[in-house]
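Participant: Residue numbers (this note's numbering), protein chains in the order written: chain A, 3 to 131; chain B, 312 to 443. Just so you know, even glycine gets a beta-carbon here, dropped at the ideal spot from N, CA and C. Quick one: the structure is below, and I'll ask about it shortly.
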Amino acid sequence: MDHQFDGQTEVSERLEAVVDYIVRNTDTDLSRQVLAEVAGYSVPHLHRIFTGELGENIADYVRRVRLERAGRKLRMGAVDISQVALAAGYESHAAFSRAFKRHFGLSPRAFRQLGCTAATELLRNGGTR
Amino acid sequence: MRISLASVPIADYDKALAFYTEKLGFQLKRDIPLGDGARWITVVSPNEPDGTELVLEPNAEYPEMKALKQALVRDGIPYTAFEVDDIHGEFERLKGLGVTFTMEPTETGPATAAVLDDTCGNLIQIYQMTGG
């Protein structure tokens with residue numbers, strides 16, 4: 003029993019380290035290889051454990067964190083959408099806009115024109131996903 | 312009328328003082344015991360030692376303040392903001408000290424701003440006026 007508990011604690015700690023790394027390094031390379039190294043697991047093992055414990059696969063998790071951060075930047079007045087797109091890991095404004103619209107239900111440009119309250123409400127609800 | 316004090320809500324005096332001095336680089340101005348463990352702690356900018364004092368206000372556990380802080384963090388809204396001369400330099404310096412940013416330097420019209428986690432339950436914006 004104790005052994006099982008320790009195993010679960012270790013898994014939780016490793017996943018916590020991965021989530022913490024993602025939050026701290028959102029603007030850097032968050033490939034599965036990098037995150038597997040942070041966890042100390044193989045890529046497939048981390049994928050299985052992460053999805054099983056958090057109910058969302060790593061790629062979707064990273065995408066969501068980056069898009070929500072991008073949304074907060076736009077809400078706070080970010081001027082250059084291309085810069086926001088690049089920091090969110092998208093190579094083009096168009097690809098970012100598509101992903102943003104899929105997540106939040108409207109384009110970055112339209113989002114930026116929302117009032118602060120409406121934008122905050124949309125960010126709080128985490129988009130349409 | 313003058314603005315001599317501003318405040319940030321904190322829970323643990325020593326933890327907050329360590330962050331605001333050792334990480335952000337402010338200087339301790341006053342640490343006055345008020346009895347029963349309470350303290351009046353203020354920090355100042357080393358550039359303006361006689362300028363506005365920032366009170367480390369121990370009201371983070373006050374239920375309404377706690378709810379407000381949690382809502383602001385959840386929505387990514389900074390509690391307050393500090394001006395810097397070199398936003399990119401400060402961003403790199405603070406990252407090097409292990410500070411977590413929830414927004415890296417981003418141009419927002421007349422200013423470039425970044426948002427960090429003060430480890431005391433607040434998001435803090437730092438900004439450099441860049442024109443406009």
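Determine, using beta-carbon pairs with one atom in the region 393-411 of chain B and one in the region 430-438 of chain B, whether at least three such pairs fall under 8 Å.
Facilitator: With a cut-off of 8 Å, the region 430-438 of chain B and the region 393-411 of chain B count as touching, because enough Cβ pairs lie within range.
Participant: Looking at the unbroken beta strand (DSSP E) that takes in residue 41 of chain A, where does it start and where does it end?
Facilitator: From DSSP, residue 41 of chain A is part of no beta strand (DSSP E) but of the alpha helix (DSSP H) over 34-41.
Participant: In three-state terms, what does DSSP make of residue 381 of chain B?
Facilitator: Correct three-state label for residue 381 of chain B: helix.
Participant: Just reading off the beta strand (DSSP E) that residue 418 of chain B is part of, what are its end residues?
Facilitator: Run containing residue 418 of chain B: 412-418, per the beta strand (DSSP E) assignment.
Participant: Whole angstroms are fine: how far does the CA of residue 424 of chain B sit from the CA of residue 405 of chain B?
Facilitator: If you take the alpha carbons of residue 405 of chain B and residue 424 of chain B, they lie about 14 Å apart.
Participant: Based on the DSSP secondary-structure assignment, which residues constitute the bridge partners of residue 343 of chain B?
Facilitator: Answer by DSSP bridge pairing, in chain order: B:351.
Participant: Would you list the residues sitting across from residue 428 of chain B in a DSSP beta bridge?
Facilitator: According to DSSP, residue 428 of chain B bridges with B:434.
Participant: Tell me whether the beta-carbon of residue 361 of chain B lies closer than 7 Å to the beta-carbon of residue 350 of chain B.
Facilitator: Contact flag unset, no.
Participant: With a threshold of 7 Å on Cβ separation, who are the neighbours of residue 125 of chain A within its own chain once the five nearest residues in sequence on each side are excluded?
Facilitator: Answer for residue 125 of chain A: 70, 73, 74 and 77, listed in chain order.
Participant: Determine whether the Cβ of residue 19 of chain A lies closer than 7 Å to any Cβ atom of chain B.
Facilitator: Chain B contact via Cβ: absent.
Participant: Where residue 2 of chain A and residue 46 of chain A are concerned, what is the direct C-alpha to C-alpha distance, given to the nearest angstrom?
Facilitator: For chain A, the structure presents residues 3 to 131; residue 2 of chain A sits outside this window and is missing.
Participant: Would you say residue 411 of chain B lies against chain D (beta-carbon separation less than 7 Å)?
Facilitator: Absent here is chain D; the protein component of the structure consists of chains A and B.
Participant: By Cβ distance below 7 Å, which residues in the same chain neighbour residue 53 of chain A in space, the five residues on each side in sequence not counted?
Facilitator: Only 59 meet the Cβ criterion.
Participant: Is the shortest distance between the beta-carbon of residue 386 of chain B and the beta-carbons of chain A less than 7 Å?
Facilitator: At least one chain A Cβ lies under 7 Å of residue 386 of chain B.
Participant: So with Cβ pairs under 7 Å, would you call residue 440 of chain B a contact of chain A?
Facilitator: So, not an interface residue.
Participant: Kindly list, in the order they appear in chain A, the residues whose Cβ is closer than 8 Å to that of residue 418 of chain B.
Facilitator: Residues of chain A passing the Cβ test: 80, 81, 82 and 85.
Participant: Report the start-end ranges of each alpha helix (DSSP H) in the region 381-407 of chain B that is 4 residues or longer and not cut off at the edges.
Facilitator: Those alpha helix (DSSP H) runs which fall completely within the region 381-407 of chain B and span 4+ residues are 398-407.
Participant: Is residue 122 of chain A close to chain B, meaning its C-beta is less than 7 Å from at least one C-beta of that chain?
Facilitator: By this cut-off, residue 122 of chain A is an interface position.
Participant: For residue 29 of chain A, decide whether its Cβ has a neighbour in chain B, counting only Cβ atoms nearer than 7 Å.
Facilitator: Yes - at least one Cβ of chain B is within 7 Å of the one on residue 29 of chain A.
Participant: Check the Cβ-Cβ distances between residue 414 of chain B and every residue of chain A, and say whether any is below 7 Å.
Facilitator: Closer than 7 Å to some Cβ of chain A, the Cβ of residue 414 of chain B qualifies, so yes.
Participant: State the Cα-Cα distance for the pair residue 357 of chain B and residue 51 of chain A, rounded to the nearest angstrom.
Facilitator: The straight-line gap from Cα to Cα measures roughly 48 Å.
Participant: Checking contacts by CB at 7 Å: is residue 75 of chain A closer than that to chain B?
Facilitator: Closer than 7 Å to some Cβ of chain B, the Cβ of residue 75 of chain A qualifies, so yes.
Participant: Does the Cβ of residue 63 of chain A have 16 or more other Cβ atoms within 10 Å, making it buried, or fewer, making it exposed?
Facilitator: Buried, because 16 or more other Cβ atoms sit within 10 Å of the Cβ of residue 63 of chain A.
Participant: Show which residues of chain B have a CB atom less than 7 Å away from the CB atom of residue 89 of chain A.
Facilitator: Near residue 89 of chain A (Cβ distances below 7 Å), the residues of chain B are 415.
Participant: Under 7 Å, Cβ to Cβ, is there at least one residue of chain B near residue 26 of chain A?
Facilitator: Yes, residue 26 of chain A counts as interfacial toward chain B.
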